[in-house]
Amino acid sequence: MALYNVMEEVVRDVLVQYKDKMQLTCQCDRCMNDIMAIALNELPPRYIANEEYGPYVRAAHVADRQGATNIISIVTKAAAFVSKSPRCPAMNPAMPKQTE
Ligand SMILES: [Zn+2]
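Here's what the structure looks like:
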């Protein structure tokens, strides 16, 4: 059975819920994944071995107001960073192909 990082779901939920307020310059999969990766690198992972417990752990995170506010602020920061310099082809039509 694979390990499962509940924080990934929590961050995804926050991103989906707040993306319209975050003034993203691009909402493609690549940019969304970039935002999630940056946010998840700053947040402590919450690994569980049994996916069935995911909803309980997520609920605990939502109930923890201060923790939730911290997650929202980290996701907002990551969104601002990616919006300033999106690395996806959609926002970089003139980006030269990598040669090295
Ligand atoms: Zn994009």
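Quick note: the sequence shown uses the numbering used here, first residue 13, plus one each step.
Each residue gets a CB set at the ideal place from its N, CA and C atoms; glycine is no exception.
These numbers come from a predicted model, not from an experiment.
Using a C-beta cut-off of 8 Å, the stretch 33-43 makes no contact with the stretch 71-78, since fewer than three inter-stretch Cβ pairs fall below that distance.
Nearest in C-alpha terms to T88, of all of L15, A106, E64 and L55, is L55. In the three-state reduction of the DSSP assignment, N62 falls in the coil class, being assigned neither a helical nor a strand state. Counted as a single uninterrupted DSSP element, the alpha helix (DSSP H) harbouring T81 occupies residues R77 to K96.
Cβ atoms of M48 and L15 stay farther apart than 8 Å, at about 17 Å. When distances are taken from the beta-carbon of P105 to the heavy atoms of ligand 1, even the shortest one reaches 7 Å or more.
By the beta-carbon neighbour count (other beta carbons within 10 angstroms, threshold 16), D46 is buried. In the three-state reduction of the DSSP assignment, N104 falls in the coil class, being assigned neither a helical nor a strand state.
The straight-line gap separating the alpha-carbon atoms of K96 and M103 is approximately 11 Å.
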